[in-house]
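Residue numbers (the numbering used here): 258 to 560. Ideal Cβ positions, reconstructed from N, Cα and C, are used throughout, including at glycine.
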């Protein structure tokens, strides 16, 4: 499968898995937001995909042998608002009253089943009418007693109530989300490394006579910390190229890159020399991105 081509979305997800999990055992890629109860992707997940889309894509990559996954846990989810903060509720299966209690069940010598709470108020057996004697009873089970209708039952009906929108239904009717742990396979890592646009760009720049550094951190004018993907200085130090690298370059990417560039003073980038050029590079470049680049005066390179 090493010759298998990657779509831009596939590459984004593989790189995301690699960044979060590294070469470790399968790790968690999704977590619960404590403020909203929503499931969110961790780390630098692709921003243009929902959690459902990410899970579906990961399943495809698992089938293609590029990602491993193992079961993590199952989560119940509200069918109306998607919240995962559901409060469990138990009720009588006959009348749906929540006014139930767990009680010991006594069996009389005549075979009558009498809950402990009822036994306290009885002087004779409701079945055979004999005077009740503790020696004639044995505890054989614990069951649930409904204080509303008097029903005695082994298992209560179980409901869930959404803490956000108030939806209530039986547990079996709640949506279920299976969360898994993920890791790159050896083949996935190999394919990722061979298709990594930063690595492809670095090899090309080195072959062209540039001294190259990757992942250079710089603090912007606003105090925000930025990461420049590739800093390439020509061997004669006549120019420096500051690269933002991605698999697919879109118009939105160009706009975001331009905004970030305005926050970075080029002299703050360690090792720059000569003329400084800001470049956005990608394996795929949308036509709309080319038009935006011309408007904002941004250089775009196809890797």
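Express the C-alpha separation of residue 521 and residue 477 in angstroms, rounding to a whole number.
The straight-line gap from Cα to Cα measures roughly 5 Å.
Residue 501 - containing beta strand (DSSP E), residue span
Start and end: 496-506.
Where residue 484 and residue 335 are concerned, what is the direct C-alpha to C-alpha distance, given to the nearest angstrom?
So the two alpha carbons sit approximately 39 Å from each other.
Per DSSP, residue 456 is paired with what?
Bridge partners of residue 456 according to DSSP: none are assigned.
Kindly give me the distance between the Cβ atoms of residue 355 and residue 361, rounded to whole angstroms, as I take these residues to be in contact under 8 Å.
About 21 Å separates the beta carbon of residue 355 from that of residue 361, a gap too long to meet the 8 Å contact definition.
Here's a check: name, in chain order, each residue in its chain whose Cβ is nearer than 8 Å to the Cβ of residue 259, leaving out the five neighbours to either side.
Per-residue confidence for residue 259 stands at a pLDDT of 36, beneath the threshold of 50, marking its modelled position as unreliable; the derived number appears in the next sentence. Cβ neighbours of residue 259 beyond the five flanking positions: 444, 447, 448, 451.
Does the stretch 486-500 come within contact of the stretch 468-477, defined as at least 3 CB pairs closer than 8 Å?
Below 8 Å, enough C-beta pairs join the stretch 486-500 and the stretch 468-477 to call them touching: three or more.
To the nearest angstrom, how far is the alpha carbon of residue 562 from that of residue 327?
Absent from the structure is residue 562, since the part of the chain shown begins at 258 and ends at 560.
Could you check how far apart the C-beta atoms of residue 550 and residue 510 are, in whole angstroms? I think they sit under 8 Å.
In fact, because the Cβ distance is near 10 Å, the residues do not count as touching under 8 Å.
If contact is defined by three or more beta carbon pairs under 8 Å, each pair taking one atom from either stretch, is the stretch 534-541 in contact with the stretch 496-503?
Contact holds: three or more Cβ-Cβ distances are below 8 Å.
Per DSSP, which one or two residues make a beta bridge with residue 331?
Bridge partners of residue 331: 435.
Can you give me the start and stop residues for the alpha helix (DSSP H) that residue 480 sits inside?
Run containing residue 480: none; DSSP gives neither H nor E here.
For my contact list, residue 531 and residue 496 are in at a C-beta cut-off of 8 Å; report their separation, rounded to the angstrom.
Correct: roughly 4 Å between the Cβ atoms.
Please classify residue 472 as buried or exposed, where buried requires at least 16 other C-beta atoms within 10 Å of its C-beta.
Counting Cβ neighbours within 10 Å, residue 472 comes out exposed, since fewer than 16 surround it.
Quick one: is residue 357 buried, meaning 16 or more other Cβ sit within 10 Å of its Cβ, or exposed?
Burial call: buried.
Residue interval of the beta strand (DSSP E) (run including residue 535):
Note, residue 535: beta strand (DSSP E), 532-542.
What would DSSP say about residue 408, mapped onto helix, strand or coil?
Collapsing the DSSP output to three states places residue 408 in coil.
Inter-stretch contact (C-beta, 8 Å, three-pair minimum) for the stretch 402-419 and the stretch 299-307
Touching, no, given that fewer than three Cβ pairs across the two stretches are closer than 8 Å.
Excluding the five sequence neighbours on either side, which residues of its own chain have a C-beta within less than 7 Å of the C-beta of residue 344, listed in chain order?
Correct list, in chain order: 417, 418, 420.
Three-state class that DSSP yields for residue 360 in the structure shown:
When secondary structure is reduced to three states using DSSP, residue 360 falls in the strand class.
Ordered along the chain, which non-local residues of its own chain (more than five positions away) have a Cβ less than 6 Å from that of residue 558?
Apart from the 5 residues on each side of it in sequence, residue 558 sits with its Cβ closer than 6 Å to the Cβ of 536, 538 in its chain, given in chain order.
From residue 261 to residue 322, what does the alpha carbon distance come to, in whole angstroms?
In this prediction, residue 261 has a pLDDT of 49, which is less than 50 and means its spatial position is unreliable; what the coordinates show is noted afterwards. Going from the Cα of residue 261 to the Cα of residue 322 covers about 11 Å.
Helix, strand or coil: which one does DSSP assign to residue 285?
The three-state secondary structure of residue 285, taken from DSSP, is strand.
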